[in-house]
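Residues in the sequence shown are numbered from 1 upward in steps of one, following the UniProt record's numbering.
By construction, the Cβ of each residue, glycine as well, lies at the ideal position given by its N, Cα and C atoms.
Nothing here was measured: the structure is a model prediction, and the numbers come from that model.
What follows is a short report on a single structure.
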Amino acid sequence: MVIHSTSPMVVVANRLPFVICKNSKTGELTRKYSAGGLVTAVAPVVVETGGLWVGWSGLHLEDGISAIPESSPDDKSPTAGLRSDQVIPVNLPRKQFDDYYNGCCNACFWPLFHSMPDKAVFEEDKWEAYVAVNEEFAKLTMDAVHKCYERQPDQVPLVWIHDYHLMYTANYIRNICNDEGLKVKMAFFLHIPFPSWDIVRLFPWASQLLQGILGCDSVGFHLEDYCINFIDCCHRILGCRVDRKKRLIEHNKRSVSVHPLPISIPYDRFVQMAEEAPEAIKNKNEQQLLLGVDRLDYTKGLVKRFKAFERLLELYPQHIEKVTLLQIAVPSRTDVKEYQELKEELDQIVGRINGRFTTPNWSPIRYIYGSVTHDQLAAFYRDASVALVTPLRDGMNLVAKEFVACQIKEPGVLVLSPFAGAGVTMQEALQVNPYEQNQFAKVIHRALTMPFDERELRMTQLRRREKIRDVNFWLREVLKSVDSLDEACDSKLLR
Ligand code: ADP
Ligand code: F6P
């Protein structure tokens, strides 16, 4: 990856790109990779540019960690090259962190921003914890800004704030910088959808939230649609003057620019992993593998996926003993009730379907509740006949992109929901509406029986686009959008 950034970069995200684990007997600290789209996309960029990363370590103030461990020599994750002196850990009291992360981020913002307001829980004390934690992140970000100025006194650092956990951080940083007479450029990127005005206004503190985001100079979303929603909210909720064509918002005598910046993956790294990974499936000629790889999250549509697979076996019994669904579901947000209930529901559905269809030689569903290594993941992506990427709603979805990157042998088929951001550009995938079971089953059947030529044509086009529009392309676009900000530090108003 060759990235030229004129500004020293400080990434501010809820999580560090790894979790620190403490051995309860020896006290030894080790890193464990944190699965998720943000880490996959951003970690290589920080490694490459020698930037700094401010984020939660996975431990709390009560755990009293003293040092950041270096990565182990056999670490192949995107965080492997990140040195401990590039990391500024955020350690908070357990209760405060729980109210902020589980109470506000996961139980409220996550469902709300995925347009599932019935699942959202609104509680004032959780919002207060969110505000306090965002302020704490801002203070620690200032340590990183000072480090940048010590290293490169002539360069204005870029503070790049990520995701719905930190929508209220920028103004604090702006105020501290003003007090200290320091300049920074500030960009915000949201890794999940930005919903319509009608959903955002359900949040009781929507005005404060929007003003928090507008503390940045530049705001990025995956899709044009999310940009439109954000601009619309600033206009209708805050009464800001906006220029929809130029995507500018006027706020506090500054103008904030808004950019569609669809995130992607380190494509070549996935190709290389697929080339080096050992065989994933033994008797490949007699067996077809349907693959699902997701965090265990209700937005990913796993219940509907399993039910559609069951329907497939009912409608097309020729697939019995021939097709296996391998679902890898990485545990996620296990302290939140919705996630615990989903885990139980999935266990039951898998048990029921396997109980109903299993024969002495075959089980229809192989269900891994856990994460797999990058080698194994690449092997599954490469050897699967069909990938099922069928979320009910998803900001982008990187799994769809990783699958096509790893398809270096017999071309497979990507079945993709239009409710994932990836569905907007990956047009050669087989689209499926995951809400309707019969159609869903028929699309899976079509994918499993698609002739070679059609599979090859679709996959070639998908791979061509993803190779060009990889994570480096995304980063260059982000940096372009931020470079155009040089004058924005001195405020540029709408005419
Ligand atoms: P999200 O950001 O909602 O988790 P994405 O699809 O954008 O969804 O990104 C998920 C990332 O996490 C991908 O890079 C994927 O490889 C990784 N991942 C997801 N599930 C697993 C798993 N079971 N094992 C290993 N990595 C996983
Ligand atoms: O992509 C959305 C996101 O919330 C990322 O910020 C995060 O890396 C990923 O999902 C996993 O979620 P969590 O950090 O809550 O485990």
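- Going by beta carbons, V184 and P157 fall inside the 8 Å limit.
- DSSP, read as helix, strand or coil, puts V90 in strand.
- At a Cβ-Cβ threshold of 8 Å, N106 and S57 do not count as neighbours.
- Within the chosen limit of 7 Å, the ligand ADP does not reach the beta carbon of D217 with any heavy atom.
- For F188, the enclosing beta strand (DSSP E) starts and ends at K185 to F189.
- Judged by DSSP secondary structure, I228 falls within the alpha helix (DSSP H) whose first and last residues are E224 to L238.
- D143 is positioned such that its CB atom lies no closer than 8 Å to that of I199.
- Taking the C-beta atoms as reference points, H191 is found no nearer than 8 Å to G55.
- Put simply, the region 284 to 302 touches the region 378 to 390. At least three CB pairs are less than 8 Å apart.
- For Q461, the enclosing alpha helix (DSSP H) has its first and last residue at F452 to I468.
- Under the three-state reduction of DSSP, H114 is assigned to coil, being neither helix nor strand.
- In chain order, E70 place their CB closer than 8 Å to the CB of R83, counting only its own chain and leaving out the 5 sequence neighbours on each side.
- Per the coordinates, the alpha-carbon of Q318 lies some 31 Å from the alpha-carbon of D297.
- Distances between the C-beta of V39 and the heavy atoms of the ligand F6P include at least one below 7 Å.
- Rounded to whole angstroms, the separation of the alpha carbons of T359 and V471 is 44 Å.
- For the pair of segments examined, the region 453 to 463 was found not to touch the region 229 to 246: the number of CB pairs separated by less than 8 Å stays below three.
- Secondary structure at W474: helix, using DSSP grouped into helix, strand and coil.
- By the beta-carbon neighbour count (other beta carbons within 10 angstroms, threshold 16), W362 is exposed.
- The beta carbon of A274 lies closer than 6 Å to those of A378, R382, C406 and I408 in the same chain, with the five residues before and after it left out.
- Where S207 is concerned, the enclosing alpha helix (DSSP H) starts and stops at A206 to I213.
- Between R201 and L209, the alpha-carbon positions lie close to 11 Å from each other.
- Residues Y267 of the same chain have their beta carbon placed closer than 7 Å to that of K467, with the five preceding and five following residues left out of the count.
- With distances taken between CA atoms, R31 lies nearest to L16 out of L16, N102, E477 and S24.
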